[in-house]
Amino acid sequence: MKIKTSFSPENTFFNGQCFRWNQEGDSFVGVVEDKVLRLRKEGDYLYVEGIREDELDWLLNYLGFEDDLEEKEEAISKIDPFMAAAVEHGRGLHMLRQEPFETLISFIISANNHIPRIKSLVERLAENYGDELEPGYYAFPRPEQLAEAKVEDLRALGLGYRDKYIHHAANLIASGQVDLESLYELDSFSAGKELEKAKGVGKKVASCVLLFAFGKRDAFPVDTWIKKALAEHYSEEIENYSSVEDFLANYFGPDGGLAQQYLFHYMRTGTKTKSS
Numbered sequence: 000m001k002i003k004t005s006f007s008p009e010n011t012f013f014n015g016q017c018f019r020w021n022q023e024g025d026s027f028v029g030v031v032e033d034k035v036l037r038l039r040k041e042g043d044y045l046y047v048e049g050i051r052e053d054e055l056d057w058l059l060n061y062l063g064f065e066d067d068l069e070e071k072e073e074a075i076s077k078i079d080p081f082m083a084a085a086v087e088h089g090r091g092l093h094m095l096r097q098e099p100f101e102t103l104i105s106f107i108i109s110a111n112n113h114i115p116r117i118k119s120l121v122e123r124l125a126e127n128y129g130d131e132l133e134p135g136y137y138a139f140p141r142p143e144q145l146a147e148a149k150v151e152d153l154r155a156l157g158l159g160y161r162d163k164y165i166h167h168a169a170n171l172i173a174s175g176q177v178d179l180e181s182l183y184e185l186d187s188f189s190a191g192k193e194l195e196k197a198k199g200v201g202k203k204v205a206s207c208v209l210l211f212a213f214g215k216r217d218a219f220p221v222d223t224w225i226k227k228a229l230a231e232h233y234s235e236e237i238e239n240y241s242s243v244e245d246f247l248a249n250y251f252g253p254d255g256g257l258a259q260q261y262l263f264h265y266m267r268t269g270t271k272t273k274s275s
């Protein structure tokens with residue numbers, strides 16, 4: 000199957016929003032829900048393996064295809080020269096629409112961690128508690144599967160203090176105390192409060208889940224890279240607002256979450272200071 004598109008696998012999969020995609024030769028291999036997907040970009044075409052023809056709509060939804068993405072890129076580019084450079088660096092970046100439980104657990108793991116280690120820990124959870132899809136590839140565990148794990152066994156995987164947070168979140172979801180599906184219908188503030196019922200989930204982790212799983216574009220996660228961008232490039236603009244939160248909610252427009260991804264990706268991989 001092939002799709003004509005400007006979609007960039009590199010700028011989409013390696014910008015901190017997901018942790019189960021890897022590059023293997025000229026292909027990108029990822030586990031998404033119960034599927035092992037293999038994507039390859041050649042020129043204007045994206046070649047896809049791992050889905051049936053009748054699953055194309057599901058794939059396009061997951062990959063964040065939007066009819067008006069180019070218009071949104073253009074609008075973000077016009078915010079200021081630094082954002083124009085960030086958009087140019089991140090051309091073809093899409094906002095994935097990920098499974099909420101996996102996203103929640105992944106970003107609990109992300110606290111005080113770096114991307115290679117987050118990917119490793121997420122993979123260990125899948126290998127130990129998820130279903131095997133094909134040799135060497137495992138689905139992320141469902142809430143009820145992870146809820147059966149003992150805290151000490153989670154710690155043995157290298158999760159450290161996050162073990163009890165993961166255990167609590169899995170039980171919270173598996174028991175129905177928090178209904179993730181219902182959060183699609185809530186505004187970001189209310190949905191965030193539901194997510195924060197899970198231990199270890201504060202505003203930053205909740206914002207990541209709201210943006211990367213529920214597609215709430217008014218969510219604007221602030222990590223060390225965004226803090227660095229704000230300090231180096233927006234300190235004067237922030238003074239014109241009542242708070243940093245007010246600045247973030249208004250300055251970057253209705254697609255602030257998308258602008259955040261361009262900004263994060265540019266600060267981490269496109270400017271002189273680079274890190275994993």
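Reading the sequence shown from the start, the letters are residues 0 to 275 in numbering that gives the first Met the number 0. Here a beta-carbon is modelled for each residue, glycine too, at the ideal position from N, C-alpha and C.
In chain order, Ile50 place their CB closer than 8 Å to the CB of Trp57, counting only its own chain and leaving out the 5 sequence neighbours on each side. Counting the other CB atoms within 10 Å of its CB gives Ser241 a total below 16, which places it among the exposed residues. In this chain, the beta strand (DSSP E) harbouring Ile2 covers 1-3. If you ignore the 5 residues before and after Cys207, its C-beta comes within less than 6 Å of the C-beta of Phe106, Pro220, all in its own chain and listed in chain order. Note on Tyr44: under 16 other CB atoms within 10 angstroms of its CB, so exposed under the neighbour-count rule.
Nearest in C-alpha terms to Ser7, of all of Val86, Val121, Tyr128, Tyr160, is Val86. Note that the C-beta distance between Tyr136 and Val200 is not below 7 Å. As for any alpha helix (DSSP H) of minimum length 4 sitting wholly inside the stretch 9-75, the runs are 55-61, ordered along the chain. The three-state reading of DSSP puts Leu103 in helix, counting H, G and I together.
Non-local beta-carbon contacts of Pro142 in its own chain, meaning distances under 6 Å to residues more than five positions away in sequence, involve Phe100, Ala169, Ile172, Ala173 in chain order.
When the Cα atoms are used, Cys17 and Ile104 turn out to be separated by approximately 11 Å. Secondary-structure assignment with DSSP links Glu131 through a beta bridge to Tyr137.
The Cβ-Cβ distance between Arg37 and Glu52 does not fall below 7 Å. Rounded to whole angstroms, the gap between the alpha carbons of Ile108 and Asp217 is 23 Å. In summary, His113 is exposed, with fewer than 16 beta-carbon neighbours lying within 10 Å of its beta-carbon over all protein chains present.
In the three-state DSSP reduction, Ile117 falls in the helix class (H, G or I).
Taking the C-beta atoms as reference points, Trp224 is found nearer than 7 Å to Phe263. Between the beta-carbon of Leu257 and that of Met94 there is about 6 Å, and that keeps the pair under the 8 Å contact cut. Between Gly42 and the set Gln97, Ile2, Leu120, the nearest pair of CA atoms involves Ile2. The beta carbon of Met0 sits closer than 6 Å to those of Val47, all from its chain and outside the five residues before and after it, given in chain order. Scanning its chain for C-beta atoms nearer than 6 Å, with the 5 sequence neighbours on each side dropped, one finds around Leu156 the residues Arg123, in chain order. In the structure shown, Leu262 falls within a helical segment according to DSSP collapsed to helix, strand and coil.
For Thr11, the closest of Gln97, Glu54, Ala74 by C-alpha to C-alpha distance is Gln97. Leu209 places its beta carbon 7 Å or farther from that of Lys203.
DSSP, reduced to helix, strand and coil, places His93 outside both helices and strands of the structure shown, so it counts as coil. Burial state of Asn111 is exposed, judged by a 10 Å Cβ sphere holding fewer than 16 other Cβ atoms. When the five nearest sequence neighbours on each side are left out, the beta carbons in the same chain lying within less than 8 Å of the beta carbon of Lys71 are those of Glu65, Asp254, Leu257, in order along the chain. Rounded to the nearest whole angstrom, the CA to CA distance from Arg90 to Lys149 is 43 Å.
Pairing His232 with Phe13 gives a Cβ-Cβ distance that is not under 7 Å.
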